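Enquirer: Dumping the structure here so I can ask a few things about it.
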Amino acid sequence: MGTFIITYDTHYGRNYKSLYDAMAANHGVRLNESVWGIELDNTAAEVRDWIRSLLDDDDTIVVIQVKPKPSWGTRLASKEANDWLRVHCSS
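Under the working numbering, the sequence shown has 32 at position 28, and the numbering climbs by one with no breaks.
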């Protein structure tokens with residue numbers, strides 16, 4: 005079981021119902037306006053793809069696995085964000 009931090013930015017549409025419903029169904033906890041904590045039996049890339057299926061194609065997504073070992077996956081994140089994650093959140 006992995007522990008993940010999920011963040012996202014929606015750019016045009018702001019329909020969060022599918023995301024909220026999926027988080028509730030999987031015991032996710034809203035940590036901040038666009039930040040969730042959740043435990044799942046998936047990789048960071050799989051969680052990223054799952055969140056992508058719940059949001060629009062132009063939305064930015066960052067998934068950081070904090071347990072059992074750091075990992076991460078992004079979609080449309082800046083080069084600076086990806087570089088920082090590569091340095092600080094890779095095993």
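Note that beta-carbon positions come from the ideal geometry of N, C-alpha and C, so glycine has one too.
Every value quoted in this text rests on a predicted model; they were computed, and no experiment measured them.
Which class does Asn86 belong to by DSSP, given the choice of helix, strand or coil?
Expert: helix
Enquirer: What's the C-alpha gap between Gly17 and Gly41?
Expert: 23 angstroms
Enquirer: Using the rule of at least 16 other Cβ atoms within 10 Å of the residue's Cβ for burial, across every protein chain shown, is Thr11 buried or exposed?
Expert: Answer is buried; the Cβ neighbour count reaches 16.
Enquirer: For Cys3 and Asp62, I'd like the C-alpha separation in whole angstroms.
Expert: The structure shown does not extend to residue 3, since the chain is modelled only from 5 through 95, so no value can be given for it.
Enquirer: Near Leu35, which residues of its chain fall below 6 angstroms by C-beta distance, leaving aside the five closest residues on each side in sequence?
Expert: Gly41
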